[in-house]
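Asks: With my numbering applied, the sequence shown covers 40 to 771.
Got a structure for you, questions after.
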Amino acid sequence: MENFKIEVDGDGIALVTFDVPGRSMNTLTASVIKEIGEVVETIKSDAAIKGAVITSGKTTGFCAGADLGELGGSGGLGGGKPGEEGLKAAFEAGFALNKAFRALETCGKPVAAAVNGLAMGGGLEITLACHYRVVADNPKIQLALPEAKVGLLPGAGGTQRLPRLMGVMAAAPYLLEGKSMKPAEALALKVVHEVVPAGQEVEAAKTWIKTKGDPVAPWDKKDFKIPGGGPYSAGGSQVFVMGNAMLRKTTYGNYPAQLNIMKAVYEGLQVPFDAALRIETRYFLKTMMSAQAKGMIRTLFLSLQELGKGSGRPAGVPHYDVKKVAVLGAGMMGAGIAYVQAMAGIETVLIDQTQEAADKGKGYAEGLVKKAVSRGKMTPEKGEAILALIHPTADYADVKGSDLVVEAVFENREVKASVTKLAEAQLADTAIFGSNTSTLPITGLAKASVRPASFIGIHFFSPVDKMGLVELIMGDETSQEALAKSIDYVLKIKKTPIVVNDSRGFYTSRCFGTFVQEGMELLADGYAPAIIDNVGRATGMPRGPLEMHDDVALDLSYKIAQQTKKDLGDKYEERPFTTIIEKMVEGEGRYGRKNGKGFYDYPENGPKTLWPGLAKLAPVKIAEVDKAGIEEIRTRLLYRQAVEAARCFEEGVITDPREADVGAILGWGFAPWTGGPVSLIDGVGVAKFVEACDALAQKYGARFAPPQLLRDMAAKGETFYSRFGVKEKAAA
Ligand code: NAD
Numbered sequence: 040m041e042n043f044k045i046e047v048d049g050d051g052i053a054l055v056t057f058d059v060p061g062r063s064m065n066t067l068t069a070s071v072i073k074e075i076g077e078v079v080e081t082i083k084s085d086a087a088i089k090g091a092v093i094t095s096g097k098t099t100g101f102c103a104g105a106d107l108g109e110l111g112g113s114g115g116l117g118g119g120k121p122g123e124e125g126l127k128a129a130f131e132a133g134f135a136l137n138k139a140f141r142a143l144e145t146c147g148k149p150v151a152a153a154v155n156g157l158a159m160g161g162g163l164e165i166t167l168a169c170h171y172r173v174v175a176d177n178p179k180i181q182l183a184l185p186e187a188k189v190g191l192l193p194g195a196g197g198t199q200r201l202p203r204l205m206g207v208m209a210a211a212p213y214l215l216e217g218k219s220m221k222p223a224e225a226l227a228l229k230v231v232h233e234v235v236p237a238g239q240e241v242e243a244a245k246t247w248i249k250t251k252g253d254p255v256a257p258w259d260k261k262d263f264k265i266p267g268g269g270p271y272s273a274g275g276s277q278v279f280v281m282g283n284a285m286l287r288k289t290t291y292g293n294y295p296a297q298l299n300i301m302k303a304v305y306e307g308l309q310v311p312f313d314a315a316l317r318i319e320t321r322y323f324l325k326t327m328m329s330a331q332a333k334g335m336i337r338t339l340f341l342s343l344q345e346l347g348k349g350s351g352r353p354a355g356v357p358h359y360d361v362k363k364v365a366v367l368g369a370g371m372m373g374a375g376i377a378y379v380q381a382m383a384g385i386e387t388v389l390i391d392q393t394q395e396a397a398d399k400g401k402g403y404a405e406g407l408v409k410k411a412v413s414r415g416k417m418t419p420e421k422g423e424a425i426l427a428l429i430h431p432t433a434d435y436a437d438v439k440g441s442d443l444v445v446e447a448v449f450e451n452r453e454v455k456a457s458v459t460k461l462a463e464a465q466l467a468d469t470a471i472f473g474s475n476t477s478t479l480p481i482t483g484l485a486k487a488s489v490r491p492a493s494f495i496g497i498h499f500f501s502p503v504d505k506m507g508l509v510e511l512i513m514g515d516e517t518s519q520e521a522l523a524k525s526i527d528y529v530l531k532i533k534k535t536p537i538v539v540n541d542s543r544g545f546y547t548s549r550c551f552g553t554f555v556q557e558g559m560e561l562l563a564d565g566y567a568p569a570i571i572d573n574v575g576r577a578t579g580m581p582r583g584p585l586e587m588h589d590d591v592a593l594d595l596s597y598k599i600a601q602q603t604k605k606d607l608g609d610k611y612e613e614r615p616f617t618t619i620i621e622k623m624v625e626g627e628g629r630y631g632r633k634n635g636k637g638f639y640d641y642p643e644n645g646p647k648t649l650w651p652g653l654a655k656l657a658p659v660k661i662a663e664v665d666k667a668g669i670e671e672i673r674t675r676l677l678y679r680q681a682v683e684a685a686r687c688f689e690e691g692v693i694t695d696p697r698e699a700d701v702g703a704i705l706g707w708g709f710a711p712w713t714g715g716p717v718s719l720i721d722g723v724g725v726a727k728f729v730e731a732c733d734a735l736a737q738k739y740g741a742r743f744a745p746p747q748l749l750r751d752m753a754a755k756g757e758t759f760y761s762r763f764g765v766k767e768k769a770a771a
């Protein structure tokens with residue numbers, strides 16, 4: 040065997056060490072699954088073996104679970120054969136782990152898991168199939184079944200063993216939300232039997248085998264009862280009734296994984312264990328084959344991982360280690376950027392117009408560090424070292440020696456031009472200048488630069504310390520070298536970069552804007568605001584379009600509209616909703632959440648309520664909608680964003696489907712269940728999507744008209760991922 044080593048000691052206890060060669064972490068690859076069968080066979084048939092302890096040979100952890108790369112890979116389970124035969128092959132492949140783990144559980148000899156590090160997904164499930172679990176006492180160890188987070192169902196016994204160990208109610212958050220537990224918590228919840236000082240797991244496991252070693256799982260014993268009762272007990276049935284309602288409330292039926300997990304638990308708990316495992320595999324496959332799971336695995340796992348390794352980085356440029364960065368403007372964005380840089384060990388010069396303003400910007404990092412220290416998440420020494428990296432100043436001479444500049448002053452061309460000149464005067468030729476503008480085209484801003492090849496857009500999202508995405512914007516003259524260096528910077532501050540070309544609103548703000556605008560269109564059409572936001576949330580977006588508009592600020596959106604009107608001239612299309620916004624901002628001083636007055640009122644204590652005055656500006660004509668009406672609103676809100684993403688491809692604003700999907704979910708919270716707007720179109724089918732958009736365009740106007748690119752793709756039967764595939768980066 041290449042993945043397992045078996046050593047039998049003088050007491051006849053086999054120590055099975057799990058250690059996948061050539062990898063830093065154990066995962067359940069096809070070869071591992073095959074060898075687990077051999078391990079079980081050895082334990083079972085070798086008369087010299089009295090019991091076994093399974094541990095990991097990795098210092099990084101016990102096992103990270105299934106290899107999602109293999110699972111999400113082409114063909115799918117069982118090789119993706121069609122028809123009855125394909126289904127059978129898929130079932131056999133999907134059942135393989137359950138079969139192997141069940142064989143381990145029923146091998147007739149006691150088996151203990153000695154967990155010396157993180158155990159996730161199938162990695163935790165193999166331990167649940169052991170008769171005894173010992174975990175090292177290290178609060179950093181996570182034990183979890185995180186499948187639901189990427190749209191999957193724990194398919195190696197997790198949905199059956201966990202509720203039988205801890206009860207349905209207690210198991211729910213671990214199964215449905217992928218919540219993780221630390222060793223002490225797992226002990227309290229009776230998921231593990233012993234927590235021992237690190238390094239003593241194997242010894243403790245062996246002691247159990249020698250002294251108590253029981254080779255029968257609790258659910259294989261005659262008197263077994265599910266803690267808290269099964270689905271038909273008084274307590275159990277309540278859990279499922281409530282659980283269903285909660286599930287509806289939190290997922291709006293968008294996520295098949297959660298629903299299928301509930302079904303697998305509900306049905307599985309009513310039958311003998313072997314049948315339960317087969318039920319689990321059926322739901323596992325059903326979930327796996329859903330468009331949602333495919334999209335989510337690809338975007339939220341595979342693509343995110345690839346972009347996080349800099350897959351969009353032009354080859355041939357040596358790694359650029361950014362050690363010192365000047366941040367211009369210590370406002371909300373600049374202060375956040377300074378903090379994440381310091382956290383990554385980057386010396387940061389934080390500049391504002393006055394020393395006082397710069398100090399105030401550093402105050403933001405001071406606040407966050409203080410909080411972390413008080414919560415015991417950071418030592419005071421570490422906190423001080425981080426803060427010492429931020430030098431607040433009003434003197435541009437301090438920019439000298441910076442490898443990169445991030446400009447985050449007011450959103451004003453003249454102010455930006457003036458600070459660009461001041462900073463560039465101090466910069467070495469090799470340094471990069473990045474602007475954090477949210478709306479101004481980069482090529483235009485680069486006109487103030489004497490070195491436009493090194494000028495790039497570095498667009499952060501607010502709040503900077505929480506948002507994982509950075510959108511890099513190429514101006515007409517931005518060089519591949521500047522891009523490569525900027526990607527190195529983004530990776531160093533532990534964010535995910537996407538690369539886009541210059542356009543009004545770039546990629547993220549442009550597409551997000553259409554969601555907010557479609558909310559306004561619905562309002563102007565006469566839909567009751569509560570319907571708009573409720574259905575908006577039910578699409579899987581984090582909030583409804585009116586709520587989000589309030590968050591962004593109505594005056595900002597008004598200002599952007601005025602500027603766009605000025606820039607586009609005759610091409611600007613006036614919409615009925617623009618007068619609503621104009622009256623709200625100009626007439627009523629309603630700027631959104633920031634002044635407590637937007638579509639909603641924001642009382643100091645208590646939840647927000649709809650502003651009663653809105654009814655006068657936008658009279659309600661449609662106060663009730665049926666199922667078809669809801670579907671229509673839902674489609675308008677989602678397809679409007681997706682068709683804009685498709686236009687971005689046609690115009691070359693974005694070129695890589697992975698970046699489009701990851702950028703949408705991380706950047707503006709596009710409904711994660713879809714896998715992103717591009718996966719949404721691919722999942723629906725391009726031809727069907729075009730047809731639906733044509734119908735919407737007929738009814739509501741050109742904003743839904745599908746671009747020629749989509750018609751071409753439909754004619755050729757292409758998908759975004761097949762047509763654009765992985766971007767070939769030109770060597771610099
Ligand atoms: P802000 O008003 O909070 O901060 C701007 C800061 O720049 C102020 O502290 C101001 O004193 C300073 N400043 C102005 N002129 C200066 C000069 N000549 N030299 C030095 N400092 C100067 O604004 P913000 O929200 O932090 O936005 C900054 C930039 O980031 C804008 O371009 C904005 O469009 C962009 N942006 C904002 C967001 C957001 O959500 N707020 C998101 C992405 C990008």
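For glycine and all other residues, C-beta sits at the position ideal for the given N, C-alpha and C.
When burial is assigned at 16 or more other CB atoms within 10 Å of the CB, is residue 623 buried or exposed?
Replies: Stepping through the sequence shown from its first residue, residue 623 is reached at position 584. So residue 623 counts as buried.
Asks: Looking at ligand 1, does it come within less than 7 Å of residue 588, judged from the CB to the closest heavy atom?
Replies: Sequence index remark: in the sequence shown, residue 588 carries index 549 (1-based). Every heavy atom of ligand 1 is 7 Å or more from the Cβ of residue 588, so no.
Asks: Helix or strand or just coil, what does DSSP make of residue 488?
Replies: Here residue 488 corresponds to residue number 449 of the sequence shown, with the count starting at 1. It is coil, neither helix nor strand.
Asks: Looking at the unbroken beta strand (DSSP E) that takes in residue 406, where does it start and where does it end?
Replies: Position 367 of the sequence shown holds residue 406. Run containing residue 406: none in the beta strand (DSSP E); it sits in the alpha helix (DSSP H), 394-413.
Asks: Helix, strand or coil: which one does DSSP assign to residue 55?
Replies: One-based indexing of the sequence shown puts residue 55 at position 16. Residue 55 falls in the strand class under three-state DSSP.
Asks: Just the Cα atoms here: how many angstroms apart are residue 311 and residue 58?
Replies: Against the sequence shown, residue 311 aligns to sequence position 272. Against the sequence shown, residue 58 aligns to sequence position 19. Answer to the nearest angstrom: the Cα atoms are 33 Å apart.
Asks: Starting from the C-beta of residue 686, find all residues in its chain whose C-beta is less than 7 Å away, skip the five residues before and the five after it, and write them out in chain order.
Replies: Your numbering for residue 686 matches position 647 in the sequence shown. Contacts found: 746.
Asks: Decide if residue 113 is buried, meaning its Cβ has at least 16 other Cβ atoms within 10 Å, or exposed.
Replies: Counting from one through the sequence shown, the residue named residue 113 turns up at place 74. Residue placement at residue 113 is poorly supported in this model, since its pLDDT is 44, which falls under 50; the coordinates are not used for a value here.
Asks: Considering Cα atoms alone, identify which of 361, 208 and 339 is closest to residue 285.
Replies: Start at 1 with the first residue of the sequence shown, and residue 285 comes out as number 246. Ranking 361, 208 and 339 by Cα distance to residue 285 puts 208 first.
Asks: Spatial neighbours of residue 613 within its chain, please: C-beta separation below 6 Å, excluding the five flanking residues on both sides.
Replies: Taking the first residue of the sequence shown as 1, we reach residue 613 at position 574. So no residue of the chain qualifies.
Asks: Is residue 634 near ligand 2 - that is, is its Cβ less than 7 Å away from at least one heavy atom of it?
Replies: Only ligand 1 can be found as ligands here, which leaves ligand 2 out of the picture.
Asks: For ligand 1, is there any heavy atom lying closer than 7 Å to the beta carbon of residue 184?
Replies: On the sequence shown, residue 184 is found 145 positions in, with the first residue counted as 1. Residue 184 Cβ: outside cutoff for every heavy atom of ligand 1.
Asks: What separation, rounded to the nearest whole angstrom, lies between the Cα atoms of residue 594 and residue 173?
Replies: By one-based count along the sequence shown, residue 594 stands at place 555. By one-based count along the sequence shown, residue 173 stands at place 134. If you take the alpha carbons of residue 594 and residue 173, they lie about 58 Å apart.
Asks: Using C-beta distances below 6 Å, list every residue in its chain close to residue 164, excluding the 5 sequence neighbours before and after it, in chain order.
Replies: Stepping through the sequence shown from its first residue, residue 164 is reached at position 125. Hits under 6 Å: 195, 196 and 197.
Asks: Comparing alpha-carbon positions, which option in 65, 497, 239 and 514 lies nearest residue 372?
Replies: Position 333 of the sequence shown, counted from the first residue, corresponds to residue 372. Selected option, being the one with the closest Cα: 497.
Asks: Candidates 448, 484, 487 and 494: which alpha carbon is nearest residue 468's?
Replies: Working through the sequence shown from its first residue, we reach residue 468 at position 429. Residue 468 has its Cα closest to that of 494, out of 448, 484, 487 and 494.
Asks: Going by the C-beta, is residue 390 closer than 7 Å to any heavy atom of ligand 1?
Replies: As a first step, residue 390 is located in the sequence shown; it is residue number 351 there, counting from the start. The answer is yes for residue 390.
Asks: Under a three-way DSSP split, which group does residue 588 fall into?
Replies: One-based indexing of the sequence shown puts residue 588 at position 549. Helix, per DSSP.
Asks: With DSSP run on the structure shown, which of helix, strand or coil describes residue 16?
Replies: Absent from the structure is residue 16, since the part of the chain shown begins at 40 and ends at 771.
Asks: Given residue 278, which residues of its chain have a CB within under 7 Å of its CB, disregarding the five upstream and five downstream residues?
Replies: Taking the first residue of the sequence shown as 1, we reach residue 278 at position 239. These residues qualify, in order along the chain: 207 and 208.
Asks: May I ask whether a heavy atom of ligand 1 can be found less than 7 Å away from the beta carbon of residue 477?
Replies: The residue given as residue 477 occupies position 438 in the sequence shown. Yes, since a heavy atom of ligand 1 falls inside the 7 Å radius drawn around the Cβ of residue 477.
Asks: State yes or no: is the C-beta of residue 385 within less than 8 Å of the C-beta of residue 428?
Replies: Translated into the one-based positions of the sequence shown, residue 385 becomes position 346. Translated into the one-based positions of the sequence shown, residue 428 becomes position 389. Yes. Within cutoff.
Asks: Nearest-angstrom Cα distance between residue 762 and residue 408?
Replies: As a working mapping, residue 762 is identified with position 723 in the sequence shown. As a working mapping, residue 408 is identified with position 369 in the sequence shown. Going by the C-alpha atoms only, they are around 46 Å apart.
Asks: Exposed or buried, residue 251, counting other C-beta atoms within 10 Å across all chains shown (16 or more means buried)?
Replies: In the sequence shown, the residue the question calls residue 251 occupies position 212. So residue 251 ends up on the exposed side.
Asks: Could you tell me if the beta carbon of residue 473 falls within a distance shorter than 7 Å of some heavy atom in ligand 1?
Replies: For the purposes of this step, residue 473 is taken as residue 434 along the sequence shown, with counting starting at 1. Flag unset: Cβ of residue 473 not near ligand 1.
Asks: Of the residues 696, 217 and 213, which one's Cα is nearest the Cα of residue 228?
Replies: The sequence position of residue 228 within the sequence shown is 189, counting from 1. Looking at the Cα atoms, 213 is the closest of the given residues.
Asks: Any contact of the stretch 537-557 with the stretch 648-660, i.e. 3+ C-beta pairs under 8 Å?
Replies: With the cut-off at 8 Å, the stretch 537-557 and the stretch 648-660 do not touch.
Asks: Residues in its own chain within less than 7 Å of residue 188 by CB, not counting five upstream and five downstream?
Replies: By 1-based counting over the sequence shown, the position of residue 188 is 149. Taken in chain order, the residues that qualify are 217.
Asks: Strictly by DSSP, which residues pair up with residue 648?
Replies: Position 609 of the sequence shown, counted from the start, is the residue given in the question as residue 648. For residue 648, which the question treats as bridged, DSSP gives the partners 640.
Asks: Between residue 748 and residue 689, what straight-line distance do the alpha-carbon atoms span, to the nearest angstrom?
Replies: Walking along the sequence shown from the start, residue 748 turns up at place 709. Walking along the sequence shown from the start, residue 689 turns up at place 650. In a straight line, the C-alpha of residue 748 is about 6 Å away from that of residue 689.
Asks: Looking at residue 11: is its Cβ nearer than 8 Å to the Cβ of residue 142?
Replies: The structure shown does not extend to residue 11, since the chain spans only 40 to 771, so no value can be given for it.
Asks: Chain B beta carbons: is any one of them nearer than 8 Å to that of residue 303?
Replies: Considering every chain present, this structure includes no chain B. It has just one protein chain.
Asks: In whole angstroms, what is the alpha-carbon distance linking residue 770 and residue 353?
Replies: Residue numbering aside, residue 770 sits at position 731 when the sequence shown is read from its first letter. Residue numbering aside, residue 353 sits at position 314 when the sequence shown is read from its first letter. Here residue 770 scores only 31 on pLDDT, less than 50, and its place in the model should not be relied on; the value that follows carries that caveat. Taking the straight line joining both Cα atoms gives about 6 Å.
Asks: Considering only heavy atoms of ligand 1, does any lie closer than 7 Å to the CB of residue 367?
Replies: Position 328 of the sequence shown, counting from 1, holds the residue named residue 367. True, at least one ligand heavy atom lies under 7 Å from that Cβ.
Asks: Helix, strand or coil for residue 690 per DSSP?
Replies: The residue labelled residue 690 in the question sits at position 651 within the sequence shown. The answer is coil: DSSP assigns residue 690 none of H, G, I, E or B.
Asks: Whose CA, out of 177, 178 and 186, lies closest to the CA of residue 160?
Replies: For the purposes of this step, residue 160 is taken as residue 121 along the sequence shown, with counting starting at 1. Among 177, 178 and 186, the Cα nearest to that of residue 160 is on 186.
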